[in-house]
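Visitor: I have a structure I would like to understand better, so I am pasting it below and will then ask my questions one at a time.
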Amino acid sequence: MGLDKLNQLYRAVILDHASNPHHHYVVPDATNEKTLHNTTCGDTINLSLRLDSNGTITDIGFTGEGCTISQASASMLTDVMLGKSRDEGLAIAKIFSDLAIGKEHSAKEVKLLGDAQVLTEIMEFPARIKCATLAWWAFQRALSDEPREEN
Amino acid sequence: MGLDKLNQLYRAVILDHASNPHHHYVVPDATNEKTLHNTTCGDTINLSLRLDSNGTITDIGFTGEGCTISQASASMLTDVMLGKSRDEGLAIAKIFSDLAIGKEHSAKEVKLLGDAQVLTEIMEFPARIKCATLAWWAFQRALSDEPREEN
Amino acid sequence: MPNLEQLRQDFPELHQSMNDERLAYLDNAATSLKPVAVIKRLTTFYQHENANVHRGTYQLSFNATKQYERAREIICHFISARDSHEIVFTRGTTEGLNLVASTYGEQNIQPGDEIVITIAEHHSNLIPWQQLALRKRAILKYINLTSNGEVDLDDAKRKITAKTKIVAVTHVSNVLGNVSPVKELAELAHKNGAIIVVDGAQAVCHIPVDVQALGADFYAFSGHKMLGPTGIGVLYGKKVLLEQMSPYQFGGEMIEDVQLENSEWAQVPQKFEAGTPNIAGAVGLATAVEYLERLGMEKVQARDEELMAYLLPRLVSTSGVKVYGSTDPKQHIGVISFNINALHPHDVATALDMEGVAVRAGHHCAEPLVHSLGVNSTVRASLAFYNNFADCDQLIKAIEETKEFFNGGAR
Amino acid sequence: MPNLEQLRQDFPELHQSMNDERLAYLDNAATSLKPVAVIKRLTTFYQHENANVHRGTYQLSFNATKQYERAREIICHFISARDSHEIVFTRGTTEGLNLVASTYGEQNIQPGDEIVITIAEHHSNLIPWQQLALRKRAILKYINLTSNGEVDLDDAKRKITAKTKIVAVTHVSNVLGNVSPVKELAELAHKNGAIIVVDGAQAVCHIPVDVQALGADFYAFSGHKMLGPTGIGVLYGKKVLLEQMSPYQFGGEMIEDVQLENSEWAQVPQKFEAGTPNIAGAVGLATAVEYLERLGMEKVQARDEELMAYLLPRLVSTSGVKVYGSTDPKQHIGVISFNINALHPHDVATALDMEGVAVRAGHHCAEPLVHSLGVNSTVRASLAFYNNFADCDQLIKAIEETKEFFNGGAR
Ligand SMILES: Cc1ncc(COP(=O)(O)O)c(C=O)c1O
Ligand SMILES: Cc1ncc(COP(=O)(O)O)c(C=O)c1O
Numbered sequence: 020m021g022l023d024k025l026n027q028l029y030r031a032v033i034l035d036h037a038s039n040p041h042h043h044y045v046v047p048d049a050t051n052e053k054t055l056h057n058t059t060c061g062d063t064i065n066l067s068l069r070l071d072s073n074g075t076i077t078d079i080g081f082t083g084e085g086c087t088i089s090q091a092s093a094s095m096l097t098d099v100m101l102g103k104s105r106d107e108g109l110a111i112a113k114i115f116s117d118l119a120i121g122k123e124h125s126a127k128e129v130k131l132l133g134d135a136q137v138l139t140e141i142m143e144f145p146a147r148i149k150c151a152t153l154a155w156w157a158f159q160r161a162l163s164d165e166p167r168e169e170n
Numbered sequence: 020m021g022l023d024k025l026n027q028l029y030r031a032v033i034l035d036h037a038s039n040p041h042h043h044y045v046v047p048d049a050t051n052e053k054t055l056h057n058t059t060c061g062d063t064i065n066l067s068l069r070l071d072s073n074g075t076i077t078d079i080g081f082t083g084e085g086c087t088i089s090q091a092s093a094s095m096l097t098d099v100m101l102g103k104s105r106d107e108g109l110a111i112a113k114i115f116s117d118l119a120i121g122k123e124h125s126a127k128e129v130k131l132l133g134d135a136q137v138l139t140e141i142m143e144f145p146a147r148i149k150c151a152t153l154a155w156w157a158f159q160r161a162l163s164d165e166p167r168e169e170n
Numbered sequence: 012m013p014n015l016e017q018l019r020q021d022f023p024e025l026h027q028s029m030n031d032e033r034l035a036y037l038d039n040a041a042t043s044l045k046p047v048a049v050i051k052r053l054t055t056f057y058q059h060e061n062a063n064v065h066r067g068t069y070q071l072s073f074n075a076t077k078q079y080e081r082a083r084e085i086i087c088h089f090i091s092a093r094d095s096h097e098i099v100f101t102r103g104t105t106e107g108l109n110l111v112a113s114t115y116g117e118q119n120i121q122p123g124d125e126i127v128i129t130i131a132e133h134h135s136n137l138i139p140w141q142q143l144a145l146r147k148r149a150i151l152k153y154i155n156l157t158s159n160g161e162v163d164l165d166d167a168k169r170k171i172t173a174k175t176k177i178v179a180v181t182h183v184s185n186v187l188g189n190v191s192p193v194k195e196l197a198e199l200a201h202k203n204g205a206i207i208v209v210d211g212a213q214a215v216c217h218i219p220v221d222v223q224a225l226g227a228d229f230y231a232f233s234g235h236k237m238l239g240p241t242g243i244g245v246l247y248g249k250k251v252l253l254e255q256m257s258p259y260q261f262g263g264e265m266i267e268d269v270q271l272e273n274s275e276w277a278q279v280p281q282k283f284e285a286g287t288p289n290i291a292g293a294v295g296l297a298t299a300v301e302y303l304e305r306l307g308m309e310k311v312q313a314r315d316e317e318l319m320a321y322l323l324p325r326l327v328s329t330s331g332v333k334v335y336g337s338t339d340p341k342q343h344i345g346v347i348s349f350n351i352n353a354l355h356p357h358d359v360a361t362a363l364d365m366e367g368v369a370v371r372a373g374h375h376c377a378e379p380l381v382h383s384l385g386v387n388s389t390v391r392a393s394l395a396f397y398n399n400f401a402d403c404d405q406l407i408k409a410i411e412e413t414k415e416f417f418n419g420g421a422r
Numbered sequence: 012m013p014n015l016e017q018l019r020q021d022f023p024e025l026h027q028s029m030n031d032e033r034l035a036y037l038d039n040a041a042t043s044l045k046p047v048a049v050i051k052r053l054t055t056f057y058q059h060e061n062a063n064v065h066r067g068t069y070q071l072s073f074n075a076t077k078q079y080e081r082a083r084e085i086i087c088h089f090i091s092a093r094d095s096h097e098i099v100f101t102r103g104t105t106e107g108l109n110l111v112a113s114t115y116g117e118q119n120i121q122p123g124d125e126i127v128i129t130i131a132e133h134h135s136n137l138i139p140w141q142q143l144a145l146r147k148r149a150i151l152k153y154i155n156l157t158s159n160g161e162v163d164l165d166d167a168k169r170k171i172t173a174k175t176k177i178v179a180v181t182h183v184s185n186v187l188g189n190v191s192p193v194k195e196l197a198e199l200a201h202k203n204g205a206i207i208v209v210d211g212a213q214a215v216c217h218i219p220v221d222v223q224a225l226g227a228d229f230y231a232f233s234g235h236k237m238l239g240p241t242g243i244g245v246l247y248g249k250k251v252l253l254e255q256m257s258p259y260q261f262g263g264e265m266i267e268d269v270q271l272e273n274s275e276w277a278q279v280p281q282k283f284e285a286g287t288p289n290i291a292g293a294v295g296l297a298t299a300v301e302y303l304e305r306l307g308m309e310k311v312q313a314r315d316e317e318l319m320a321y322l323l324p325r326l327v328s329t330s331g332v333k334v335y336g337s338t339d340p341k342q343h344i345g346v347i348s349f350n351i352n353a354l355h356p357h358d359v360a361t362a363l364d365m366e367g368v369a370v371r372a373g374h375h376c377a378e379p380l381v382h383s384l385g386v387n388s389t390v391r392a393s394l395a396f397y398n399n400f401a402d403c404d405q406l407i408k409a410i411e412e413t414k415e416f417f418n419g420g421a422r
């Protein structure tokens, strides 16, 4: 197969986000926050965001170490989520998680993912799905009410 | 194969010992004693004996529930051991245990086993070796100095 | 159910001899035989798909992980669990039950609390609770059986109280073959704020199991008793319980993060699967389950009942034979325990062995139950759907010859 | 050692493709491939010899027991243990180490006691001790490594003191591949009245192991990393220690006698093997050991060294590649960890995967060690005697192409 197929995974937009990630910071006065580890490689994503009283995401950022895919994915996520309501955000994150486990969504829904649409190609590289979804899970966990271990 | 081969295992002498076991009692004032379980079938053998100050076995008896083979073997053991010294007894028990795990002994040594010589045929019925050796192990354990769980 | 003789072709071990006689394998409760499909699956896995799971970044390893997790899904469906995260792979029933006692039990049992089991339990569902009770200064109570060998529900109502924290019960007895009233016991347990742990070792290969309908909080079983490989088993646990529990073993795969001084646990079920699991075992077990599902568990059950309806009355009416437990074949799920006159079960088993009949003699790792029958041991014949009437006939004939040998000829 | 190409024929998985490329399987430290002999042995066992062990009163079961116990003898001989009773079958290394921590550790560690491990430990030989220390309010100390990645014996002398009760150390590092000075550490431990527990997971398939010469009190390893099936492993323990220890799990096979209120344990090793063991796994592992013994572990080691002497300098001299640990190939027993420029190991592994090269990327379940290298993760290539120079060349070539892809073309 060789490396040609890699071009499909490492699109220019992905490499751009990875080398110049957007919102690469910890949100000051964050209302919600979650750190997740990718047990496969030891990578971590910390996602922090601020919800205002209307439930709108007024700031969002990420830090942590990771591969091209996980960094790009987190960067794309922050772009998409900024300014969305909590519920809109969760709905979009669910679309992404669903695609990652092979469920179908309409083209209209997929469009909501913004740049992150390109990551759906990741399904061709199943070993990397976890890298792509880590940030989205962190987002869901940060906003969910689960009384689970908070970092 | 059928049951013909069974005659080889259940010799008349074995059936005799099993139905009319010798020394089937707990030795009063026993100096040494050991109960062993056959985990395969839940059978037990209690072996008790009295050593006098010269180290001679002046009485020996067994109780417990078991199959034809284990009862007959215990009965034969008591016959052989009565009047022997501790060391002679242990040497004879070792011959029996050795035969059970496939080691060879001279015809002269095997003769020391008395009626129990017939049990060496048990090697043809490997699943029953444990039944035959239980009493002999109990004898060894009763006389050994191991500080192991005493019953 | 396909043609029976055809089905028997699926089990190579059926077609061999033992002591130069036709083999009648009637020790299925100890371990089942394996169909060709399972053996082939193992071979293919080891030849072409073998790789470690979870941490792989290459195709082979990803595929192995997929097969392993697919096995979880298949088993989840087979026992009607809600979510494949509720399926923990273990070595077998024994490990599953120990896991619950050492984690849930260790965390939740206080001095004075009560653990209730039945007198019919296999040692694997008895000693873990007994030792837990001893460690915690808790009280272990035994539910009695009726004279028929069935769990006495009236006694259960007396024994299960507000002090009870855990009820542990076998789904099907490995000595008498009867089915416990798991649903009723689960309701009793839950009404009293306790959980119920079910030992399904003897059930899964014989009757359809629906853990949700049963109300089981935990349900443990072994692959090797249900056509699968050795060394693999399953612990089902309700997700909310599994999530509360601390890990059982520590090592690879079960942690999110390790610091020098402490560690953060992974989510269920990985939290309970430290180290490299029995990957081929899980994959082979999935094939065994698919085999059973293809037959259909209702049909498997019907076939078991047909065989038992044939064997039980014949055994009961053989002179000198005492059968333990119910006289209703439906209360003998695959299992009959019996004794012959004054013959010791071990002597009987040796004689049957000479006639090619594989049965077990002993206490069947259920000493309290066997002692409650007034004996030290029994002979146990246990059936699977791939047995046939000829196997039953061979057993009856061998029993007749055994009686003759010990009472007539030699004795 | 027979003809190499002939030997490679013994491993079917070597001869397949991955992502349409020739497969270069360089993840042997995660799990080894299986020779035909082992796969065939499993097949034969399941087809014709399958039965439960220990309690059988019939021929088939007796034979299965004999095979299972014969496996114990073979393994006893392989690692030069004194007595096959010192061989406990486990699921793998992780379970073996947990067993020691939960029994010997639980019984012998008091508040304030010290447990000493090295910074290089796999999580399986770290978290059990960490958690034991937390439970017991004992102190966990880490021996540092030299800049070469080797165990710093001077630091060991400082850390192992009269307060030390347990020293736990890996025989061969799964990240750097170097050999720990087990003998010296054992002497230090014993001089201070402590015992030493050795993680042999990465050693047994590469170098001759003599547990007595090493002075190991416990030695744990996994079957699946040494040509054997998954789900089976071995814990060696000195008999006098095993005899003092309480059981690990409770159930069938491990008791002498069960009363309603308490139980009497069986002798070693049965005391530690509750429930039906992985019978086929043990039998298959014995075949794997016989295969290795037929080759001869000295020859296996020589072949490993030959491959490493070829690969290491080539990798070290590839521009942009940083190899961790020693530059001496003899201190890379089967294992090399490296990184390429600023590329993330996971991205590298995906690229190598596309080229048919199976390697691992991550912390290799040894986070403290990997962090001590100043990184979060590495790429790890690991060899076995059935690899060849073509595999090494394929890795080097794929690295070159990967660099080009990320630095040239796309990036
Ligand atoms: C050094 C070391 N210790 C322990 C283990 C754990 O072995 P297993 O996963 O077979 O229990 C491994 C393998 O992953 C290892 O490399
Ligand atoms: C009712 C019951 N529970 C538990 C077990 C233990 O199963 P395993 O030995 O596979 O752990 C058995 C089988 O021996 C059984 O019949």
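Residue numbers (this note's numbering), protein chains in the order written: chain H, 20 to 170; chain U, 20 to 170; chain A, 12 to 422; chain F, 12 to 422.
Yeah, the Cβ is synthetic: ideal placement off N, Cα and C, and Gly gets one too.
Between the region 127 to 149 of chain U and chain A, which residues of the former have a C-beta closer than 9 Å to a C-beta of the latter?
Guide: F144, A146, R147
Visitor: Say whether chain F places a C-beta atom closer than 8 Å to the C-beta of H/A119.
Guide: no
Visitor: Express the C-alpha separation of U/A161 and U/K53 in angstroms, rounding to a whole number.
Guide: Taking the straight line joining both Cα atoms gives about 5 Å.
Visitor: Quick one, which residues of the region 59 to 85 of chain A are near chain H if we go by CB-CB under 9 Å, in chain order?
Guide: H65, R66, G67, T68, Y69, Q70, S72, F73, N74, T76, K77
Visitor: Could you check whether the Cβ of A/C376 sits closer than 7 Å to any heavy atom belonging to ligand 2?
Guide: yes
Visitor: Taking the C-alpha atoms as reference points, what is the distance between H/L101 and H/I79?
Guide: 6 Å
Visitor: Measure from the C-beta of U/Y29 to each C-beta in chain F and report whether the shortest distance is under 8 Å.
Guide: No, U/Y29 lies away from the interface with chain F (no Cβ there is under 8 Å from its Cβ).
Visitor: For the region 191 to 208 of chain F against the region 164 to 180 of chain F, are there 3 or more C-beta pairs whose distance is under 8 Å?
Guide: yes
Visitor: Rounded to whole angstroms, what is the Cα-Cα separation between U/E128 and F/R83?
Guide: 31 Å
Visitor: DSSP puts A/A11 in a beta bridge; with which residues?
Guide: With chain A covering only 12 through 422, there is no way to say anything about residue 11 of chain A.
Visitor: Counting only the same chain and skipping the five closest in sequence on each side, list residues whose C-beta sits under 7 Å from that of A/R52.
Guide: So the list reads V294, G295, T298, once near-sequence residues are dropped.
Visitor: List in chain order: all unbroken alpha helix (DSSP H) runs of 4+ residues lying wholly within the region 49 to 84 of chain A.
Guide: none
Visitor: A/M29 bridges to which residues according to DSSP?
Guide: Paired residue(s): A/E32.
Visitor: Is there a Cβ of chain H sitting closer than 8 Å to that of F/T361, yes or no?
Guide: Against chain H, the CB of F/T361 has a partner CB under 8 Å away; the residue lies at that interface.
Visitor: Please confirm whether any heavy atom of ligand 2 lies closer than 7 Å to the CB of A/N399.
Guide: no
Visitor: Classify F/T101 as helix, strand or coil using the three-state DSSP reduction.
Guide: F/T101: strand per DSSP, three-state reduction.
Visitor: Is any heavy atom of ligand 1 found at a distance shorter than 7 Å from the C-beta of F/N185?
Guide: yes
Visitor: Tell me which residue opens and which closes the alpha helix (DSSP H) that A/D210 is part of.
Guide: No alpha helix (DSSP H) contains A/D210, which is instead part of the beta strand (DSSP E) from 206 to 210.
Visitor: Give a yes or no on whether 8 Å exceeds the smallest Cβ distance from A/Q405 to chain F.
Guide: It does not; no Cβ of chain F falls within 8 Å.
Visitor: So, is the C-beta of A/H355 closer than 8 Å to a C-beta in chain F?
Guide: no
Visitor: By the 9 Å beta-carbon criterion, what residues does the region 40 to 63 of chain H contribute toward chain F?
Guide: N57, T58, T59, C60, G61, D62, T63
Visitor: Inspect the CB distances between the region 390 to 399 of chain A and the region 30 to 40 of chain A and report whether three or more fall short of 8 Å.
Guide: yes
Visitor: Taking only beta-carbon atoms, is A/A285 less than 8 Å away from chain H?
Guide: no
Visitor: Taking 8 Å as the CB-CB cut-off, is H/G74 touching chain F?
Guide: no
Visitor: Going by other Cβ atoms of all chains shown within 10 Å of its Cβ, with 16 needed for buried, is H/T59 buried or exposed?
Guide: buried
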